Amino acid sequence: MTAGHASAPPAPLRIGIMSFAHTHAAGYARLLRDQPGIEVRGSDPGPHPAAELRGRALAAQLGVGYCDSHAELMDWSPDAVLVTSENARHRPLAELAARGGAHILCEKPLATTRADGQAIVDAAAAAGVMLMMAYPVRFASAFTRLQADYAAGRLGELIAIRGANNGMLPAERAWFADPELAGGGALVDHVVHIADLIDALTGAEAVSVTAITSRRLHAGRAAAETAGLVLVSYDTGVSAAIDCSWSRPATAPTWGGLTLSVAGTLGTADADFFGPRSRGLDAATGRPLELPYGPDLDAALLATFLTAVRAGEQPQPDGAAGLRTLEIMLGAQLSARTAQTVTLATSVRGYPGGYDRI
Amino acid sequence: MPDCTAPRVGLVGAGTISHLHLPHLLRLGADVLVYAQAGAGELTAAYGGTVAGSLDELLSQVDIVDVATPTYTHYDVVRRALAAGQDVICEKPLARTSAEAAELTELAARAGRALYPAHVVRYFPEYVTLRAAIRAGRLGDLAVLRFYRSGAFPARTAWYADPELSGGIIVDQMIHDLDQARWLAGEVVRVSATWTRRPGPHPAEAAHVLLTHASGAISQASGIWGPPHLEFITGYAVAGTGGVLAHDSAAERRYVRDLAGPGPSGPVPGIDPAEDPYFLVLQDLISAIRHGNEPRTTAADGAQAVRIAAAAVTSAQSGQPVDLALEVPAP
Chain A
221 MTAGHASAPP
231 APLRIGIMSF
241 AHTHAAGYAR
251 LLRDQPGIEV
261 RGSDPGPHPA
271 AELRGRALAA
281 QLGVGYCDSH
291 AELMDWSPDA
301 VLVTSENARH
311 RPLAELAARG
321 GAHILCEKPL
331 ATTRADGQAI
341 VDAAAAAGVM
351 LMMAYPVRFA
361 SAFTRLQADY
371 AAGRLGELIA
381 IRGANNGMLP
391 AERAWFADPE
401 LAGGGALVDH
411 VVHIADLIDA
421 LTGAEAVSVT
431 AITSRRLHAG
441 RAAAETAGLV
451 LVSYDTGVSA
461 AIDCSWSRPA
471 TAPTWGGLTL
481 SVAGTLGTAD
491 ADFFGPRSRG
501 LDAATGRPLE
511 LPYGPDLDAA
521 LLATFLTAVR
531 AGEQPQPDGA
541 AGLRTLEIML
551 GAQLSARTAQ
561 TVTLATSVRG
571 YPGGYDRI
Chain B
111 MPDCTAPRVG
121 LVGAGTISHL
131 HLPHLLRLGA
141 DVLVYAQAGA
151 GELTAAYGGT
161 VAGSLDELLS
171 QVDIVDVATP
181 TYTHYDVVRR
191 ALAAGQDVIC
201 EKPLARTSAE
211 AAELTELAAR
221 AGRALYPAHV
231 VRYFPEYVTL
241 RAAIRAGRLG
251 DLAVLRFYRS
261 GAFPARTAWY
271 ADPELSGGII
281 VDQMIHDLDQ
291 ARWLAGEVVR
301 VSATWTRRPG
311 PHPAEAAHVL
321 LTHASGAISQ
331 ASGIWGPPHL
341 EFITGYAVAG
351 TGGVLAHDSA
361 AERRYVRDLA
371 GPGPSGPVPG
381 IDPAEDPYFL
391 VLQDLISAIR
401 HGNEPRTTAA
411 DGAQAVRIAA
421 AAVTSAQSGQ
431 PVDLALEVPA
441 P
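From first to last, the protein sequence lines stand for chains A and B. Mapping of the first sequence onto the working numbering: residues 221 to 578, in sequence order. Mapping of the second sequence onto the working numbering: residues 111 to 441, in sequence order.
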């Protein structure tokens, strides 16, 4: 440090990106790379599918540092890490990070089994590090407005919620179509976002889950469900219907979207978080030209995480939110398998929980 | 042999649906006799037609009966009309219970009379468009269908608020979308539902229903009866192997206005008078009765819709899915 300055600039924050398996890893890397006061390194040990740009080559393309192994990344003593591996591989990486004293931003879903999810939460708690879930839609201004309307009583008493999170079949990474690594299909991918928004909006406790699924879409590639409809009943008497289907055609002009409609005794509110766009036509093909716009919710998510890391204050959504939403997703999977409604037997908030199928 | 004389239609009831039906019956050239416990005079004064002094008097003077009474009376009125040898058009739901609907279907078949439920959504252009696209194969094999319908709690008369009389939102309102799901994706084998009721000064009701079709397709219907200002909105989003098709009545409008004063919140969604589905359904069903063409909605359709709705109510109450075995007729 140069003598004579009243205060030295703070040391750069070291952020590790554990695995580039999830497509969000590259987006996070770009956002972090462009910020002052942050050093970024990734670790993405192989083997990788031949068709995927991964590992050191991707780090070089992204312009971030690289470590050949996760252990080497932890030897660098990162202040915090992003866990962006395959869904089923979050646990060992999160445990490694916690042991190394790094705060954790975990890609959703928290895990693919209750045991893994609980182990991640326990590891963070034992190490005294913060665990945050990557649920970016919470940071949309439309959601803030929805929360304000609800909190002010303008919707009255809630009676029903309807959510749809429809996207394309994830194709950039082969593991999304591998039920072992992904933890399933469309239910794993898209139920938790809407479950988390309802959790953040209402604080209500999910008490039962019913799900039906289909593999008809993308049937040639479907090793698990590609479409799903889920009912979640809450302790307040409200119930939510969630469409988590990968029903957006691969040829669509944009990836898809997320909508949430909330109905109360005094009024309703509808949020279309990724809806606004300029619409036109491509003269050469006649295809729709759709140019969405809007703030980058991942940037807001990362800003919240980084602020929390610098301040040492636990941000939301935390690991408990990750567990509650995981429980709903696991309940949906069990319901789809058994064709029964699944009761979330013990309080999902007073985790650990378990199922009692009636 | 086409019958070119004016049809003699007996309209029973003078409530919301009668106000939607009577002008169209008259436009179709029918001689209309109206019987209602109350309001028949005001109804005929507004649109035309003649008031009958009793239901028996009406039944003795017409060829076709249009039953537009409250749901819980459909069974009795339809039975009397069939017994009097009439062909019958009945507002949906065909009956309050699945057993009643099945019995009416059976009675009509045995009497050799028509019994056609007025499932008017089958005549709304956006649903006709969806059906045509599916039939033409433009969506490929159907995988997942979503329907929604919301509007003000029907506070015009008290019986809607009593689930014993109306069946509640699932049997009264959502039955439109349950019928659509079956019309578009075929027979239903399993039903799951949730149903939320908030009686009181701000009455509201909501329900979600999940359907598994015999084809393997899955459907969701969501319905809301909310505050008095809530605009009547319907929509769908359907995905198949060949494409997706969606519609939201709030987004697709030919005329939008923003004027001083409160906006209207009626019992029906906005419709274009040039393709009024309440006219089209009566035109189709009366034509089917008089000329023998296949109507777009049959007694079996009406009974199946009630059966699915009743299963949804059972599921909402039991908290578990209800299996509808295809071959077992309604109890």
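Backbone N, C-alpha and C fix where the C-beta goes; we use that ideal spot for every residue, glycine too. All values reported here derive from a predicted model rather than from experimental measurement.
Fill in: Distance, A:His438 Cα to A:Gly283 Cα
35 Å
Worksheet item: Does the distance from the CB of A:Leu522 to the CB of A:Leu252 come in under 9 Å?
Response: yes
Worksheet item: DSSP three-state call for B:Phe234: helix, strand or coil?
Response: coil
Practice prompt. Output the boundary residues of the alpha helix (DSSP H) element that contains B:Thr126.
Written response: Thr126 to Arg137
Practice prompt. Kindly identify the DSSP beta-bridge partner or partners of A:Trp475.
Written response: In the DSSP output, where bridge partners are listed per residue, A:Trp475 has none listed.
Worksheet entry | Helix, strand or coil at A:Phe240 [DSSP, three-state] | coil
Discussion item. Give me the residue from A:Ala270, A:Asp490, A:Gly236 and A:Glu292 with the minimum Cα distance to A:Pro298.
Written reply: A:Gly236
Worksheet entry | Expected contact under 8 Å - CB spacing of A:Arg374 and A:Gly487 to nearest Å | 6 Å
Worksheet item: For B:Tyr145, which beta-bridge partners are listed by DSSP?
Response: B:Val122
Fill in: Beta-carbon proximity check, A:Arg276 vs A:Asp288, cutoff 9 Å
Closer than 9 Å, so yes.
Worksheet item: Nearest chain B C-beta to A:Ala249 closer than 9 Å, yes or no?
Response: Look at A:Ala249: its C-beta is not under 9 Å from any C-beta on chain B.
Worksheet item: B:Val99 and B:Leu252 look like a contact to me (Cβ under 8 Å); what is the Cβ gap, rounded to whole Å?
Response: Given that chain B is displayed from residue 111 to residue 441, the structure contains no residue 99 of chain B and the question cannot be resolved.
Practice prompt. Count the other C-beta atoms from every protein chain shown that fall within 10 angstroms of the C-beta of A:Pro515, then say buried if there are 16 or more, exposed otherwise.
Written response: exposed
Worksheet item: Taking the beta strand (DSSP E) that B:Leu168 falls in, what are its first and last residues?
Response: Per DSSP, B:Leu168 belongs to no beta strand (DSSP E); it is in the alpha helix (DSSP H), Leu165 to Gln171.
Practice prompt. Kindly indicate which three-state DSSP category B:Asn403 falls into: helix, strand or coil?
Written response: coil
Practice prompt. Could you pull the start and end residues of the beta strand (DSSP E) that A:Val301 belongs to?
Written response: Ala300 to Val303
Discussion item. Below 7 Å on C-beta distance, what does B:Tyr258 contact in chain A?
Written reply: Arg382
Worksheet item: Are the CB atoms of A:Ala360 and A:Ala491 nearer to each other than 9 Å?
Response: yes
Fill in: Residues of its chain near A:Ala300, where Cβ-Cβ distance is below 6 Å and the 5 sequence neighbours each way are ignored
Excluding positions up to five away in sequence, the list reads Ile235, Ala322, His323 and Val529.
Discussion item. Please report whether the beta-carbon of A:Ile578 lies at a distance below 9 Å from any beta-carbon of chain B.
Written reply: The predicted position of A:Ile578 is uncertain, since its pLDDT is 27 and thus under 50; no value can be drawn from it.
Item to complete: Kindly say whether B:Ala440, judged by its beta-carbon, lies nearer than 9 Å to any beta-carbon of chain A.
Response: Here the model assigns B:Ala440 a pLDDT of 47, short of 50, so the residue's position is not dependable and the matter cannot be decided.
Worksheet item: Is it the case that the Cβ atoms of B:Val416 and B:Trp305 are separated by a distance below 9 Å?
Response: no
Worksheet item: Using a beta-carbon distance below 9 Å, is B:Gly149 in contact with chain A?
Response: no
Worksheet item: If you follow the alpha helix (DSSP H) that A:Ser498 is part of, which residue opens it and which one closes it?
Response: Careful: A:Ser498 lies outside any alpha helix (DSSP H), inside the beta strand (DSSP E) at Arg497 to Leu501.
Discussion item. Between B:Val416 and chain A, is the shortest Cβ-Cβ distance under 9 Å, so that the two count as touching?
Written reply: no
Worksheet item: Under the DSSP definition of a beta bridge, which residues are partnered with A:Tyr454?
Response: In the DSSP assignment, A:Tyr454 forms a beta bridge with A:Ala426.
Practice prompt. Rounded to whole angstroms, what's the CA-CA distance from A:Val556 to A:Phe363? Just pull it up for me.
Written response: The question names Val, yet the displayed sequence has Ala at residue 556 of chain A. Taking the straight line joining both Cα atoms gives about 29 Å.
Worksheet item: Hey, A:Leu449 and B:Val254 are a contact pair by Cβ (cut 8 Å); roughly how many whole angstroms apart?
Response: 7 Å
Discussion item. Contact criterion: CB-CB distance below 9 Å. Does B:Ser208 meet it with respect to chain A?
Written reply: Against chain A, the CB of B:Ser208 has no partner CB under 9 Å away; the residue lies outside that interface.
Discussion item. At 3 residues or longer, what runs of the beta strand (DSSP E) sit wholly inside the stretch 506 to 535 of chain A?
Written reply: 508 to 512
Fill in: Residue range of the alpha helix (DSSP H) that includes A:Glu400
It spans Pro399 to Ala402 - the alpha helix (DSSP H) in which A:Glu400 sits, taken as one unbroken run.
Practice prompt. Please list the residues of the stretch 457 to 469 of chain A that have a C-beta atom closer than 7 Å to any C-beta atom in chain B, keeping them in chain order.
Written response: Cβ contacts with chain B come from Gly457, Val458, Ser459, Ala461, Asp463, Ser465, Ser467 and Pro469.
Worksheet item: Apart from the five residues just before and just after B:Gly149, which ones in its own chain have a Cβ nearer than 6 Å to its Cβ?
Response: Ala124
Worksheet item: Taking B:Val366 as the reference, which of B:Tyr270, B:Asp382, B:Ala218 and B:Val122 has the closest Cα?
Response: B:Asp382
Fill in: Euclidean distance between Cα positions of A:Ser498 and B:Leu240
25 Å
Fill in: Cutoff 8 Å; reference A:Leu233; Cβ partners in own chain excluding five residues on either side
The beta carbon of A:Leu233 sits closer than 8 Å to the beta carbons of Gly257, Ile258, Glu259, Asp299, Ala300, Leu526, Val529 and Arg530 from its chain, once the five residues preceding and following it are set aside; these are given in chain order.
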